[in-house]
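Undergrad: Residue numbers (the working numbering): 94 to 166. Glycine residues also receive a C-beta, built at the ideal position from the N, C-alpha and C atoms. Quick caveat, the model's predicted, so the values are computed rather than measured. Pasting a structure below so you can have a look.
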Amino acid sequence: MIFKRKYDRALDHVKDTMKDREKTYENDDLNSVMEKGDTRAMIIAALITIVPICLLILVVISLIAYFFIVRGW
């Protein structure tokens with residue numbers, strides 16, 4: 094490589110900065126970040142988001158099947 098020394102120096106700099114970041118993230122595991130009711134709130138939010146979409150898809154599929162079977166397209 095032409096700029097091997099510069100490349101190695103930049104790579105060492107990035108590794109040094111990443112070591113500092115890894116140390117700060119070690120103490121941030123999921124249990125210490127989340128509060129008591131966060132899990133329940135996340136489950137409720139997921140259900141509020143996913144269930145209506147699934148019901149809408151099921152209704153659309155049912156209507157398509159109804160029109161093909163009963164109406165006889």
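What does a CB cutoff of less than 7 Å around Tyr-100 pick up in its chain, not counting 5 residues either side in sequence?
TA: For the purposes of this step, residue 100 is taken as residue 7 along the sequence shown, with counting starting at 1. So the list reads Met-94, once near-sequence residues are dropped.
Undergrad: If you draw a straight line from the alpha carbon of Arg-98 to that of Ile-136, how long is it in whole angstroms?
TA: What you label residue 98 is simply residue 5 of the sequence shown in a count that begins at 1. What you label residue 136 is simply residue 43 of the sequence shown in a count that begins at 1. Taking the straight line from one Cα to the other gives about 52 Å.
Undergrad: Which of helix, strand or coil does DSSP assign to Lys-167?
TA: The structure shown does not extend to residue 167, since the chain is modelled only from 94 to 166, so the question has no answer here.
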